[in-house]
Amino acid sequence: MGTMSDLYAILSWQGYLLGLSWAESMELVTLCRQEADALLERSRPVLPLPGLLHFLDQCAACGAALAVVTADETAAAENHLRWLGIRGYFSAVIGTDQVERGKPFPDMALLACERLGVLPAEAAVIGDTNGDMRMAKAAGAAVAVGIAGAADSVAGNTSAVDAAAHGGITSAVDAAAYGGITSAVDTAAYAGITSTVDAAAARCLLPDADSIVQSYAELSIERKAR
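First residue of the sequence shown: 62, per my numbering; consecutive thereafter.
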């Protein structure tokens, strides 16, 4: 999966091909990005995916530790979570700028587990792309849950934070506000995430998922009896 830095380099290269100097092209890309960021800050075009807020409340009630892992940069993910009013649910926000390798490599998931103080084998990853699922498997996560309907639900968004508000909060916001909130849940202390959907319907989109649901409304988490 490409990073925002990759995108800026590609755009700068296109400007260079059109006759701008490399410095001029990079300056133009930077100005366009700043204008786009200002527009997003004014309009705040993010909405939580169906069932997300209830699921986050469940996690909070259980005392589950959550992190966002996203293919976007950390600052952008922080903004999307802030716009949604859900930043307080997450103990860590891991953007692609914090690691050497993004999804589908395990680096971000492993860093999230380290920040949360949980072992990868005690973590669940929720995401809306197969890159999320492959990241989970590479990190040795206990379970990889795919949100099959996330992409359609956030069709108007420009980026994907892992399936919740960013169209990708990768996450896991790539699954909360960013279309991808990728969350790491301590499944050693909790019963884990259960779903009610037939995963076969979306298996072609998320072939590496252990379980597939259509929305966060189909997820639940309960404290494990000790």
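C-beta: ideal position from N, C-alpha, C; glycine also. Note that the coordinates shown come from a computational prediction; the quantities given were computed from them, not determined experimentally.
Per-residue DSSP class, three states only, for residue i
i, result
"Ser82", "coil"
"Ser152", "coil"
"Ala132", "coil"
"Gly178", "coil"
"Ile71", "helix"
"Arg195", "helix"
"Leu110", "coil"
"Ala278", "helix"
"Gly76", "helix"
"Leu267", "coil"
"Leu171", "helix"
"Arg94", "helix"
"Leu127", "coil"
"Arg143", "helix"
"Arg103", "helix"
Buried or exposed by the 16-neighbour rule on C-beta atoms within 10 Å, applied to residue i
i, result
"Arg195", "buried"
"Ile208", "buried"
"Cys93", "exposed"
"Ala184", "buried"
"Gly149", "exposed"
"Ser272", "buried"
"Leu100", "exposed"
"Gly288", "In this structure the chain extends from 62 to 287, so residue 288 is not present and cannot be described."
"Leu142", "buried"
"Ser220", "The predicted position of Ser220 is uncertain, since its pLDDT is 27 and thus under 50; no value can be drawn from it."
"Leu267", "buried"
"Ala202", "buried"
"Glu96", "exposed"
"Gln275", "buried"
Limits of the beta strand (DSSP E) - the one that residue i falls within
i, result
"Ala205", "Val204 to Ile208"
"Ala185", "Ala185 to Gly188"
Counterpart residues of residue i in DSSP-defined beta bridges
i, result
"Glu88", "BP columns for Glu88 are empty, so no partner."
"Ser272", "Val206"
7 Å Cβ shell around residue i - same chain, five flanking residues per side excluded
i, result
"Gln119", "Ser281 and Ile282"
"Ala173", "Ala128, Val130, Ala153, Ile155 and Ala245"
"Pro167", "Met196, Ala199 and Ala200"
"Asp158", "Glu134 and Thr135"
Span of the alpha helix (DSSP H), counted from its first residue to its last, around residue i
i, result
"Glu283", "Glu283 -> not in any alpha helix (DSSP H); beta strand (DSSP E) instead, spanning Ser281 to Arg284."
"Leu117", "Leu113 to Cys123"
Cβ neighbours of residue i in the same chain (closer than 6 Å, five flanking residues each side left out)
i, result
"Met169", "Val130, Ile155 and Val160"
"Tyr77", "Trp83 and Ser86"
"Asp65", "Sequence inspection shows Met at residue 65; the Asp mentioned does not correspond to that position. Glu134."
Sequence-distant residues of the same chain with beta carbon closer than 8 Å to residue i, five excluded per side
i, result
"Lys198", "Ala205 and Asp269"
"Leu81", "Leu89"
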